[in-house]
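**Q** According to my numbering, the sequence shown holds residues 148 to 384 in order. Take a look at this one; I'll ask things after.
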Amino acid sequence: MEIKIKDLVANRRNRLKEWIDQRYAGSQAKMVEDIGINQGELSGLLKSKSFGEKKARSLEDQAGMPYSYLDLMDFEGQIEEYWQSEKDKKRLSDDNLIEIIQYKEINGSMGNGLILSDQPGQIAGWRVTKEWIAKNIPSNTGDKNLRIVTGFGDSMKGMFNSGDPLLIDSGITEIKWDGVYFFRIGDEGFIKRLQRIPGQGIRALSANPEYEAWTITPDMDFHVLGLVLKVWEGSTF
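Next comes the structure, spelled out in C-alpha cells:
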C-alpha cells in the first residue's frame with residue numbers, strides 16, 4: 148500500500164501523542180522533563196512542525212522508542228500489539244520482584260537500647276528480584292517474612308554501622324541457634340548476638356569490644372522479633 152508523505156507525517160504525530168498518553172499519562176511536561184526535549188519543539192511536532200524521516204528517527208532514539216515506532220500504522224495492527232507487549236513485559240517484571248518492607252512494629256536500636264524518636268532516617272523498603280533472594284538469602288521462612296531494619300548507635304560497630312541496613316526474618320521468633328537477633332526487652336529494642344549459656348540464660352554480645360556482654364534472664368519481658376540474615380557495613384567517602 149502506497150503511503151503519502153502527508154499521511155506518514157500525520158501518523159507520526161498520532162504515534163507521538165500516543166507515546167505521551169501511554170508513558171506520561173498525557174503530560175507533555177513530563178516527557179520534556181524526562182528526555183530533555185524543548186517544550187516548543189514537542190508541541191510543534193504534535194501540530195504543524197516539519198516531521199521528516201531524520202527528525203522521527205532522532206526523536207525515537209532520544210525518547211527510547213523502538214526503531215521506526217513513529218511509522219507504525221494502525222491498519223497493520225502493530226500498535227495494539229506493541230503496547231500489549233509492553234504491558235506483558237511490565238507484568239512479568241513486576242511478578243519477578245519482591246517488596247521487602249521496613250519492620251514497623253518497633254525500630255532497631257543499638258547502644259543504650261532506647262527506641263529513638265529522633266532517628267536520622269530510616270530505610271523504608273527494598274524491591275529485589277526472586278533471583279537475588281535465592282542467591283543471597285536462600286535460607287528463610289518465606290518472602291513475606293523478610294523485613295528491613297535500620298540500626299542506630301555503635302554497639303555493633305565492626306559488624307555494621309549506625310544507619311546501615313539489616314535484613315531480618317520476622318518469621319523466627321525464638322532462639323533456635325546462636326546468632327544475631329532483633330529483639331525487645333519490655334519496650335526497648337536491641338540488635339545483638341545472642342548466645343545460650345546452659346544454667347545461666349542468654350548472653351547478649353556486642354560487636355564493639357567497648358561494650359560488655361550482659362545476660363537476659365527469665366524474669367525479663369524478652370521477645371525475639373526476628374533473626375538477622377544479612378547486614379551491610381557502609382563506608383562514607
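Ideal placement from N, C-alpha and C gives every residue a C-beta, glycine not left out.
What is the DSSP secondary structure of residue 377, reduced to helix, strand or coil?
**A** Translated into positions along the sequence shown, residue 377 becomes position 230. The answer is strand: DSSP assigns residue 377 an E or B state.
**Q** Can we say the stretch 319-335 touches the stretch 271-285, given the rule of at least three CB pairs closer than 8 Å?
**A** With the cut-off at 8 Å, the stretch 319-335 and the stretch 271-285 do not touch.
**Q** Considering only the beta carbon of each residue, do residue 329 and residue 372 sit closer than 7 Å?
**A** To locate residue 329, count along the sequence shown from 1; it is residue 182. To locate residue 372, count along the sequence shown from 1; it is residue 225. In contact: residue 329 and residue 372 (Cβ atoms closer than 7 Å).
**Q** Let me know the secondary structure DSSP gives residue 251 once reduced to three states.
**A** Taking the first residue of the sequence shown as 1, we reach residue 251 at position 104. In the structure shown, residue 251 sits in coil (DSSP, three-state: anything other than H, G, I, E or B).
**Q** Which whole runs of the beta strand (DSSP E) in the stretch 288-321 are 3 residues long or more, in chain order?
**A** List check, beta strand (DSSP E) in window: 293-297 and 312-316.
**Q** Kindly list the residues whose CB is nearer than 8 Å to the CB of residue 360, restricted to its own chain and excluding five residues on each side of it in sequence; keep chain order.
**A** Residue 360 sits at position 213 when you count from the first residue of the sequence shown. Result list for residue 360: 350, 351, 352 and 353, in chain order.
**Q** I need the DSSP call for residue 219, collapsed to helix, strand or coil.
**A** As a working note, residue 219 is residue 72 in the sequence shown. Reduced to three states, the DSSP call for residue 219 is coil.
**Q** How should residue 177 be labelled, buried or exposed, when 16 other C-beta atoms within 10 angstroms of its C-beta is the threshold for buried?
**A** If you number the sequence shown from 1, residue 177 lands on position 30. Exposed is the call here.
**Q** Determine the extent of the beta strand (DSSP E) in which residue 270 is found, giving its start and end residues.
**A** As a working mapping, residue 270 is identified with position 123 in the sequence shown. Here residue 270 belongs to no beta strand (DSSP E), and DSSP marks it neither H nor E.
**Q** Give the straight-line distance between the Cα atoms of residue 214 and residue 193, rounded to the nearest whole angstrom.
**A** Taking the first residue of the sequence shown as 1, we reach residue 214 at position 67. Taking the first residue of the sequence shown as 1, we reach residue 193 at position 46. Between residue 214 and residue 193, the C-alpha separation is close to 19 Å.
**Q** For the beta strand (DSSP E) that residue 187 lies in, which residues bound it at each end?
**A** If you number the sequence shown from 1, residue 187 lands on position 40. No beta strand (DSSP E) contains residue 187, which is instead part of the alpha helix (DSSP H) from 186-194.
**Q** How many angstroms separate the CA atom of residue 303 from the CA atom of residue 248?
**A** Translated into positions along the sequence shown, residue 303 becomes position 156. Translated into positions along the sequence shown, residue 248 becomes position 101. Using only the alpha carbons, I get a separation of about 23 Å.
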